[in-house]
Amino acid sequence: MKMTFRWYGKGDSIPLSYIKQIPNMSGVVTAVYDVPAGQVWPEEAIIELKALANQNGLEMEVIESVPVHEDIKLRRGKCDEYIANYAENIRRLAKHGVKCICYNFMPVFDWLRTNLHHMAEDGSFSLSYNHEEIMSLDPAALSLPGWDESYAPSELKALLDAYKGMTHETLFSNYCHFLEGVMPACVETGMNIAVHPDDPPWDIFGLPRIVSCKEDYERLFAAFPQNNNGITFCTGSLGAGRDNDLVQMAYDYAKRGKIHFAHIRNIAYEGDYGFCEVAHKTEAGSLPIYDIVKALVEGGFDGYVRPDHGRHIWGEEGKPGYGLYDRALGAAYLNGLFEAIEKK
Ligand code: DNO
409 MKMTFRWYGK
419 GDSIPLSYIK
429 QIPNMSGVVT
439 AVYDVPAGQV
449 WPEEAIIELK
459 ALANQNGLEM
469 EVIESVPVHE
479 DIKLRRGKCD
489 EYIANYAENI
499 RRLAKHGVKC
509 ICYNFMPVFD
519 WLRTNLHHMA
529 EDGSFSLSYN
539 HEEIMSLDPA
549 ALSLPGWDES
559 YAPSELKALL
569 DAYKGMTHET
579 LFSNYCHFLE
589 GVMPACVETG
599 MNIAVHPDDP
609 PWDIFGLPRI
619 VSCKEDYERL
629 FAAFPQNNNG
639 ITFCTGSLGA
649 GRDNDLVQMA
659 YDYAKRGKIH
669 FAHIRNIAYE
679 GDYGFCEVAH
689 KTEAGSLPIY
699 DIVKALVEGG
709 FDGYVRPDHG
719 RHIWGEEGKP
729 GYGLYDRALG
739 AAYLNGLFEA
749 IEKK
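In this text, residue positions in the sequence shown follow the numbering used here: the first is 409, and each later residue adds one.
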């Protein structure tokens, strides 16, 4: 396994030199943030990002994300041009040493939370999700920070209208159309693409979601069996689905070489759907983090790992989920788990 850390480029308040000081940190997970979805990333921008990481003793082998334009998910407008651009991005990134691209295929919204500053008893802050609150919101009037992409209210309304009535089958067929277009570039360059699961793993606001559970993965792997076509095993996202057996999935998909990237974090369940993000350690929440890591190791997992969302602790402020301190603690904990389990 290679331990990595998400870094939001030059605009990130966390210096690369601090990230390097986290024990066993091999590299950053980053992206070119100032190019709109659908466009080709200038090679100079890729070279510059990589140079910054390398100057600080860090690799840049994982990109999260190359965003998928909504026209691709809707299979409309400039869909095919955007797919060709995506394939070009794969080639360019591969040329500069990138081995894995994390992306998602969630319509309109990426991860969704109702509170980005939920205070725990110990005074730490984290992200939380309350299902009843989500159900009572008007999606067209939403504005939540943190997405890779955000929309003006009028754009959001038009986009939501465009998805009206879309079935899971149609979205999956649009997804296959996208993969048909980009898979040759992956195979030709050796690039692994790792789809991030839906977060949370169920339909939101009537929008279909198709990367939420074992059945979804089986359908995806059956359609595109290439080794390059894999997943980002995100424990927090998949784990919000009470029916997902994360330990079994971790073992099976690691064994099949499908897990290119793992996002590891813990959540504490609240009610049937709700959850609150907590410290990474097993006992802090509802997910069996130790057993999941053990299953990954026993399945022969050798991909990239990053500690996912951390809490805000010790007075730190900044991007929700992406402070330095708690993610560094998470990395240290995960390093310990992997070392102990691997040596056993
Ligand atoms: C949230 C992240 C997601 C992830 C995208 C990948 O913190 O895990 O935003 O980067 O879904 O495309």
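Yeah, the Cβ is synthetic: ideal placement off N, Cα and C, and Gly gets one too. If you're wondering where the values come from, they're calculated on a predicted model, not measured in any experiment.
Name the two residues that bound the continuous beta strand (DSSP E) containing residue i.
i: Thr438; result: 435-438
i: Gly682; result: 682-686
i: Ile667; result: 667-672
i: Tyr712; result: 712-715
Take residue i and list the residues in its own chain whose beta-carbon comes closer than 6 Å to its own, dropping the five residues that flank it on each side.
i: Phe613; result: Pro547
i: Ile618; result: His576, Leu579, Phe580, Asp624
i: Asp607; result: Trp519, Ser645
Residues in the same chain with beta-carbon distance under 8 Å from residue i, minus the five sequence neighbours each way, listed in chain order, please.
i: Cys594; result: Ile498, Asn600, Ile601, Gln634, Asn636, Asn637
i: Glu750; result: Val705
i: Ala495; result: Gly589, Val590, Pro592, Ala593
i: Ser694; result: Gly647, Asn674, Ile675, Ala676, Tyr677, Phe683
i: Ala692; result: Asn674, Ala676, Val686
i: Lys565; result: Ala548
i: Met538; result: Looking at the sequence shown, residue 538 is not Met but Asn. These residues qualify, in order along the chain: Thr522, Asn523, Glu678, Gly682.
Whole angstroms is fine: what's the gap from residue i's alpha carbon to residue j's?
i: Pro592; j: His525; result: 43 Å
i: Lys458; j: Gly505; result: 9 Å
i: Pro553; j: Lys752; result: Low per-residue confidence applies at Pro553: pLDDT is 49, beneath 50, and the placement is therefore not dependable, though the value from the model is reported in the following sentence. Their backbone Cα atoms lie some 43 Å apart in a straight line.
i: Trp449; j: Gly679; result: 43 Å
i: Lys418; j: Gln463; result: 13 Å
i: Leu424; j: Glu467; result: 11 Å
i: Tyr583; j: Gly531; result: 42 Å
i: Asp653; j: Trp722; result: 34 Å
i: Leu545; j: His717; result: 24 Å
i: Ala369; j: Lys666; result: Lying outside 409 to 752, the shown extent of the chain, residue 369 is not represented and no answer is given.
i: Arg714; j: Leu737; result: 12 Å
i: Lys622; j: His668; result: 16 Å
i: Ala355; j: Gly729; result: It is not possible to answer for residue 355, since the shown part of the chain is limited to 409 through 752.
i: Cys642; j: Ser620; result: 11 Å
i: Ile672; j: Thr640; result: 10 Å
i: Ala658; j: Glu472; result: 21 Å
Are the beta-carbon atoms of residue i and residue j separated by less than 8 Å?
i: Phe586; j: Ile430; result: no
i: Lys428; j: Gly465; result: yes
i: Leu742; j: His688; result: yes
i: Ile454; j: Val437; result: no
i: Pro609; j: Gly573; result: no
i: Pro696; j: Val655; result: yes
i: Thr412; j: Tyr712; result: yes
i: Phe513; j: Val603; result: yes
For the alpha helix (DSSP H) holding residue i, just list the boundary residues, first then last.
i: Val470; result: Not the alpha helix (DSSP H): Val470 falls in the beta strand (DSSP E), residues 467-472.
i: Tyr698; result: 697-706
i: His576; result: 576-597
i: His604; result: His604 -> no alpha helix (DSSP H), and no H or E assigned at all.
i: Cys487; result: 487-503
i: Thr643; result: 643-647
i: Lys727; result: Counting along the chain, Lys727 falls outside any alpha helix (DSSP H), and DSSP gives it neither H nor E.
i: Val655; result: 654-663
Would you decide whether residue i is buried or exposed? Buried here means 16 or more other CB atoms lie within 10 Å of its CB.
i: Trp555; result: With a pLDDT of only 49 at Trp555, under 50, the local geometry of the prediction cannot be trusted, and the value read off the model is given with reservation. Trp555 comes out exposed.
i: Thr575; result: exposed
i: Ala444; result: Per the sequence shown, residue 444 should be read as Pro rather than Ala. Exposed, by the Cβ-count rule.
i: Met543; result: exposed
i: Ala748; result: exposed
i: Arg484; result: exposed
i: Met409; result: buried
i: Gly435; result: buried
i: Met527; result: exposed
i: Ala703; result: buried
i: Gly707; result: buried
For residue i, which residues from the same chain have a beta carbon less than 7 Å from its beta carbon, with the 5 sequence-adjacent residues on both sides left out?
i: Leu745; result: Tyr698, Val701
i: Asn493; result: Gly446, Gln447, Val448
i: Tyr490; result: Gly446, His477, Asp479, Ile480
i: Arg735; result: Phe413, Pro715, Gly718
Examine chain B for any beta-carbon lying closer than 8 Å to the beta-carbon of residue i, and answer yes or no.
i: Ile427; result: The chain inventory of the structure shown lacks chain B, comprising one protein chain alone.
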